[in-house]
Amino acid sequence: MFRIEAAELFVVRLPLKFRFETSFGVQTEKVVPLLILKGEGLEGVAEGVMELAPMYREETIAGALHLLRDVFLPRVLGRTFANPEAVNDALGTFRGNRMARAMVEMAAWDLWARTLGVPLGSLLGGRKTEVEVGVSLGIQADEAATVETVRQHVAQGYRRIKLKIKPGWDVQPVRAVRETFADIRLTVDANSAYTLADTVRLRALDDYNLTYIEQPLAWDDLVDHAELQRRLKTPLCLDESVASAQDARKGLALGSGGVVNIKVGRVGGHAEARRVHDVAQAFGAPVWCGGMLESGIGRAHNIHLSTLPGFTLPGDTSSASRYWETDVIHEALEAEDGLMPVPAGPGTGVTLNREFVTRVAELHEERRA
Ligand code: OSB
Ligand code: MG
Numbered sequence: 011m012f013r014i015e016a017a018e019l020f021v022v023r024l025p026l027k028f029r030f031e032t033s034f035g036v037q038t039e040k041v042v043p044l045l046i047l048k049g050e051g052l053e054g055v056a057e058g059v060m061e062l063a064p065m066y067r068e069e070t071i072a073g074a075l076h077l078l079r080d081v082f083l084p085r086v087l088g089r090t091f092a093n094p095e096a097v098n099d100a101l102g103t104f105r106g107n108r109m110a111r112a113m114v115e116m117a118a119w120d121l122w123a124r125t126l127g128v129p130l131g132s133l134l135g136g137r138k139t140e141v142e143v144g145v146s147l148g149i150q151a152d153e154a155a156t157v158e159t160v161r162q163h164v165a166q167g168y169r170r171i172k173l174k175i176k177p178g179w180d181v182q183p184v185r186a187v188r189e190t191f192a193d194i195r196l197t198v199d200a201n202s203a204y205t206l207a208d209t210v211r212l213r214a215l216d217d218y219n220l221t222y223i224e225q226p227l228a229w230d231d232l233v234d235h236a237e238l239q240r241r242l243k244t245p246l247c248l249d250e251s252v253a254s255a256q257d258a259r260k261g262l263a264l265g266s267g268g269v270v271n272i273k274v275g276r277v278g279g280h281a282e283a284r285r286v287h288d289v290a291q292a293f294g295a296p297v298w299c300g301g302m303l304e305s306g307i308g309r310a311h312n313i314h315l316s317t318l319p320g321f322t323l324p325g326d327t328s329s330a331s332r333y334w335e336t337d338v339i340h341e342a343l344e345a346e347d348g349l350m351p352v353p354a355g356p357g358t359g360v361t362l363n364r365e366f367v368t369r370v371a372e373l374h375e376e377r378r379a
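For the sequence shown, the working numbering assigns the number 11 to the initial residue and increments by one for each residue that follows.
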């Protein structure tokens, strides 16, 4: 049992150390919404993965702040809960908005795990003490720059290289990287930039031994992915299209793909992420933990989720120092030889750098029952 006495909201803007180009645009900074739930003399912290503009999926930071302030937090503040699932139940049966909902649910998991003195991963049923990670590389200026950045990250030991692609920049970088690195585990991510009309172009990727092609088609479409999968040998991996365990079941049953990218912040929290994992296991489909350029808070949650047994492919949770000069947590989250240690200690095992976060926050407010 734990009581949620107060909540704090922060919005922090962090400069990215690299220019991150995807099929939907260029990113040079990250706006990070953080939610802290307080109770039992402890704090649980979560990070939202929604963005300023609805580019990846439909949710936005402004929308999430509204829902947290006016809809979700009033339903949990001042109440006592048996577990995080009960917190999720208290949020009602509202439609969608799973990224906003996930902030409350994930902070509740962290808080609950801390009241029990147990690491979050163990509480979820995970057993690993380190998890395999790869890296997601943005679109580069040309083939030479692509091969060079792949070389650097392979040298750092990352277990899988993912290249962002878009129409007009797909076979070229893949061919260049494969000519230099014949044996690395290589994938591509299109972030919904293609349609079935691009089948011939996408089929050309079948020649490069990719582990999967991530989300080639529309963010809300499972049917066309199933049609494309019938036309391609390479497994498709669903990212944007899976907002719930039901989506995962439908996608795997339809044959929309053979692999699932699970983002805890996208599907509504840890309990739903675990249900996606369980559905995929039932279908014999491997899963891996995706990322949204999270700060240390979201990164720590991702690492704990990745300790579940079905996460058999390397995730996107690369070293925090790749992204940030200064992170929002005190701990360093650094992979070595492609292995990310699971932060030890209760909950996520990481602690918010309040001094830094308070100093740079664009928004900071507290809510009480
Ligand atoms: O599609 O996986 C994606 C980043 C932002 C939005 C969507 C995606 C990504 C990444 C980066 O691929 C993963 C990471 O390094 O966190
Ligand atoms: Mg993706």
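For each residue, glycine too, the CB sits at the ideal point set by N, CA and C.
For Gly167, same chain residues with a beta-carbon under 6 Å away, outside a window of 5 residues either side, are Asp347, Gly348 in chain order. Note that the C-beta distance between Arg309 and Ala330 is below 8 Å.
Exposed is the label assigned to Thr368, since fewer than 16 other Cβ atoms lie within 10 Å of its Cβ. Setting aside the 5 residues that flank it on each side, Pro245 is surrounded in the same chain by Tyr222, Gly267, Gly268, Val269, each with a C-beta closer than 7 Å to its C-beta; the list follows chain order. The Cβ atoms of Asp208 and Gln225 lie no closer than 8 Å to each other. Taking a cut-off of 8 Å on C-beta distances, the region 313–321 touches the region 130–139, as three or more cross pairs fall below it. Annotated three-state conformation of Val286 is helix, per DSSP. Classified as buried, Glu115 has 16 or more neighbouring CB atoms from the shown chains inside 10 Å of its CB. In this chain, the alpha helix (DSSP H) harbouring Trp119 covers 108–126.
Leu133 carries a helical assignment under DSSP once its states are collapsed to helix, strand and coil.
The C-beta separation of Gly278 from Arg79 comes to about 19 Å, leaving the pair out of contact by the 8 Å criterion. Around the CB of Gln239, 16 or more other CB atoms lie within 10 Å, so the residue is classed as buried. In the three-state DSSP reduction, His235 falls in the helix class (H, G or I). By the CB criterion at 8 Å, Ala203 and Glu153 fall outside the cutoff. Nearest Cα to Ile71 within the set Gly275, His287, Asp337: Gly275. Look at the beta carbons and you see the region 30–38 touching the region 167–179: at least three pairs across the two are nearer than 8 Å. Comparing alpha-carbon positions, the option among Ala295, Ile313, Ile339, Ala228 lying closest to Lys273 turns out to be Ile313. An exposed status is given to Asp230, since fewer than 16 other beta-carbon atoms sit within 10 Å of its beta-carbon. With the criterion CB distance below 7 Å from any heavy atom of the ligand MG, the matching residues run Asp199, Asn201, Glu224, Gln225, Asp249, Glu250, Asn271, Gly300 along the chain.
With a cutoff of 8 Å on beta-carbon distance, Val143 and Gly306 are scored as not near each other.
As summarised for the region 138–181, the continuous beta strand (DSSP E) elements at least 3 residues long and confined to that stretch are 140–142, 145–147, 171–174, given in chain order. Minimum Cα-Cα distance from Leu315 among the listed residues His287, Phe293, His340, Asp337 corresponds to His287.
For Gly88, the number of other beta carbons within 10 angstroms of its own is below 16, and it is reported as exposed. In this chain, Arg79 is not harboured by any beta strand (DSSP E), its DSSP state being neither H nor E. By alpha-carbon distance to Phe12, the top candidate from Thr90, Leu52, Pro43 is Thr90. 8 Å or more divides the Cβ of Val289 from the Cβ of Ala253.
Per the DSSP secondary-structure output, Gln37 pairs in a beta bridge with Phe30. DSSP, reduced to helix, strand and coil, places Asp199 within a strand of the structure shown. Here the C-alpha atom of Leu75 lies approximately 10 Å from the C-alpha atom of Val21. Annotation note: the region 253–336 contains the following uninterrupted beta strand (DSSP E) runs of length 3 or greater, listed N- to C-terminal: 269–272, 297–299. Here His374 is bridged, per DSSP, to Phe20. Taken atom to atom, the span from the alpha-carbon of Arg259 to that of Arg241 is near 21 Å. In this structure Asp234 is in contact with Leu227, their Cβ atoms being roughly 5 Å apart against a cut-off of 8 Å. At least one heavy atom of the ligand OSB lies closer than 7 Å to the C-beta of Tyr66. Counting along the chain, no beta strand (DSSP E) covers Pro245, and no H or E run does either. Residue environment analysis places Pro84 among the exposed positions, since fewer than 16 neighbouring C-beta atoms fall within 10 angstroms of its C-beta.
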